[in-house]
Amino acid sequence: IYRQFSAVMVASIGFSAFMALSLTPALCATLLKPVDDGHHEKRGFFGWFNRRFTRTAKGYESFVSRMLKRAARWLIIYVAICAAVVVLFRGLPTSFLPQEDQGNIIVNVQLPPGATQERTLSVMQQVEGFILKQPEVQSMVGVLGFSFSGQGQNAGLAFVTLKDWDERKEPGSNAEGLAGRAFGALSGVRDAFIYPLSPPPIPELGNASGFTFRLQDRAGAGHEALIAARNQLLGMAAKSPLLAQVRPDGLEDAPQLRIDIDRDKANALGVTFEAINTTLSTALGSSYINDFPNQGRLQRVVVQADAPARMQPQDLLKLNAMNTQGVPVPLSTFASTRWITGAQQTVRYNGYGAVRISGSAAPGSSSGAAMAEMERLAAQLPAGFGYEWTGQSREEKLAGSQAIILYGFAILAVFLCLAALYESWSIPLAVILVVPCGVLGVLLATMLRSYSNDVYFQVGLITIIGLSAKNAILI
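Positions 378 to 852 (the numbering used here) are the ones given, in order, by the sequence shown.
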């Protein structure tokens, strides 16, 4: 956005300079005619305008002369204006981009680990029943087996398309309003976590609006410690009035069947780990053998255990692994099975084990305040856990850190242009001193409209810096 704004400004200034050097002198010579001495007084509207303008200019000169007699008093007022700018700027809520109605929402559905596809389908039907009853909805498409959290029979995703914006004039009929109503209505669905999400203003920066947080295990404490820290953070976030819908964004730990192999017995029987792995992967998954011609077509040979022979945990121990002498050895002679709870997916971020956490700012709070609150809560976790922002949240942090640099460069550019214009280093300082007054007006207008300090505000503020300097030059 800053690059586009810079390109537009440079192009505008270039065209303005070209017009001022070429067309403007020709138009002035054509339209402006010399007037004889004593005939400068105009009549009608233009005469009235000239008289009013002259009177205003004389009044301004008189006011300035009185100000100069009380320079110390006005200097105190100017310092107060600068202090007010600092106070208002620090108190202005921050965000990255204002939320926009993209004409659609996404409903993320996640059931507990081990839930069957039939249960997921039942929940999706409840979601469909509520969504299609809303007057602003045009259509809905549901997907089973996949969600933003991961893949599995317990996951689902619904894409909801809204009617045209011209047909949604009622309050609360926008995408964010529908997502809020759907979250409240579907939060009571049993054994399901349903999160209606409004797409972000920039699709390339994530799947949903709000913040995207990565909690990292930087000390290598392990998966269980990371999950405990995540749950502690979620508990603190649920009590914060600045946060809303803070949730884990990933698949929860699920029951897993673990095979314990007695290495000594396996080695004594001549069974290698490669043979054990081949047996398990072929029986439970599949193994490609070769191709053979059949009726003019080439067919693939894929080997896998029959379904009834791999339905129960004890069926694994009935499988045979070939030892080094080519003799089949049952797995039950050197292995056993037991149920454990483990992670369904491995998530790493910048080299550290991590978990994804998503959420949004509470009503009346800005995204900047919500991110600062998450950072404050994360600082209370045990030592060894860190965090990073990603997606739109990362861009917001970068934009916030670059804003002061941009303002400084904007003021510096104006100062250098004025120094070249007046061929002086002192005269531009008098022009630059008007900038805090323009910034104060922007801050007051922004706070009266309950807007936040986002990218659009920063671009507008840079424009105001230039316009304030221009007005000071004209005055």
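Built from N, CA and C at the ideal position, the CB exists for glycine as well.
For residue i, I'd like the list of residues in its chain whose CB is within less than 8 Å of its CB, leaving aside the five on either flank, ordered along the chain.
i    : result
V520 : G533, L534, A535, F536
V724 : G627, G730, A731, V732, R733
N481 : F536, V537, T538, L539, A552, P576
T714 : L634, R635, I636, D637, P690, Q691, L693, L694
P632 : P490, G491, W716, I717, T718
L696 : T656, L657, A660, A682, P707, L708
W542 : D478, G480
R687 : A660, L661, L693
If I measure Cβ to Cβ from residue i and keep anything under 6 Å in the same chain, skipping five residues before and after, which residues do I get?
i    : result
I508 : V514, M517, V537
I841 : G815, V819
V648 : A698, N700, V706
Q681 : S663
A712 : I636, I638
E438 : none
Pick from the options: whose alpha carbon is nearest that of residue i?
i    : options                : result
Y729 : S709, V704, A712, Y764 : Y764
E505 : A596, L563, S744       : L563
K774 : V832, L789, I804       : V832
G837 : A643, L620, V811, Y784 : Y784
F669 : D594, R677, G662       : R677
A787 : V812, E800, Q769, A776 : V812
L821 : L469, S399, N427       : L469
F560 : W542, S550, P632, V484 : V484
L555 : L409, G491, Q479       : Q479
G736 : W766, V679, Q503       : W766
V808 : G843, S586, A849, Q593 : A849
V464 : Q722, G529, L817       : L817
E544 : R429, T823, G527, P512 : P512
G741 : L452, S829, G549, K446 : S829
M386 : A790, Y799, S827       : A790
G587 : Q476, F392, R429       : Q476
L851 : I454, L646, A434       : A434
Y665 : V679, Y799, R753       : V679
Y726 : R591, S743, M444       : R591
The alpha helix (DSSP H) with residue i in it runs from where to where?
i    : result
Q502 : 494–508
V462 : 448–468
G561 : 552–563
D692 : 691–694
A712 : Unbroken run through A712 is the beta strand (DSSP E), 712–719; no alpha helix (DSSP H).
Y764 : Careful: Y764 lies outside any alpha helix (DSSP H), inside the beta strand (DSSP E) at 762–766.
A614 : 600–615
P707 : Careful: P707 lies outside any alpha helix (DSSP H), inside the beta strand (DSSP E) at 705–707.
A403 : 400–408
R567 : From DSSP, R567 is part of no alpha helix (DSSP H); its letter is neither H nor E.
A756 : Element bounds for A756: n/a, residue is neither H nor E.
A807 : 804–809
If residue i and residue j are in contact, beta carbons under 8 Å, what's the gap, nearest whole angstrom?
i    : j    : result
G745 : S472 : 6 Å
A614 : L758 : Not quite, the Cβ-Cβ distance comes to about 12 Å (not below 8 Å), so this is no contact.
P573 : N531 : Rounded, the Cβ-Cβ distance is 18 Å, inconsistent with contact.
V486 : S524 : 6 Å
E750 : S617 : 6 Å
D630 : A720 : 6 Å
A747 : L620 : 6 Å
L610 : A756 : In fact, because the Cβ distance is near 10 Å, the residues do not count as touching under 8 Å.
G761 : A598 : 6 Å
G527 : Q722 : 6 Å
Excluding sequence positions up to five away, which residues of its chain have a Cβ less than 7 Å from the Cβ of residue i?
i    : result
W802 : A796
L498 : L521
A776 : F473, V832
Q494 : L521, Q530
Considering residue i, what are the terminal residues of the beta strand (DSSP E) in which it resides?
i    : result
A631 : 631–638
E651 : E651 -> not in any beta strand (DSSP E); alpha helix (DSSP H) instead, spanning 650–657.
Q530 : 527–539
S737 : 729–738
M699 : 697–699
V514 : 514–524
F834 : It is not in any beta strand (DSSP E) - F834 instead sits in the alpha helix (DSSP H) that spans 832–851.
I483 : 481–487
S664 : 664–671
V816 : That residue, V816, is in no beta strand (DSSP E); its alpha helix (DSSP H) goes 812–825.
A596 : Where A596 is concerned, there is no enclosing beta strand (DSSP E), given that its DSSP letter is neither H nor E.
L474 : It is not in any beta strand (DSSP E) - L474 carries neither H nor E in the DSSP assignment.
P625 : 620–625
Q676 : 674–680
When the Cβ atoms of the segment 643–662 are set against those of the segment 697–708, are three or more pairs found closer than 8 Å?
-> yes
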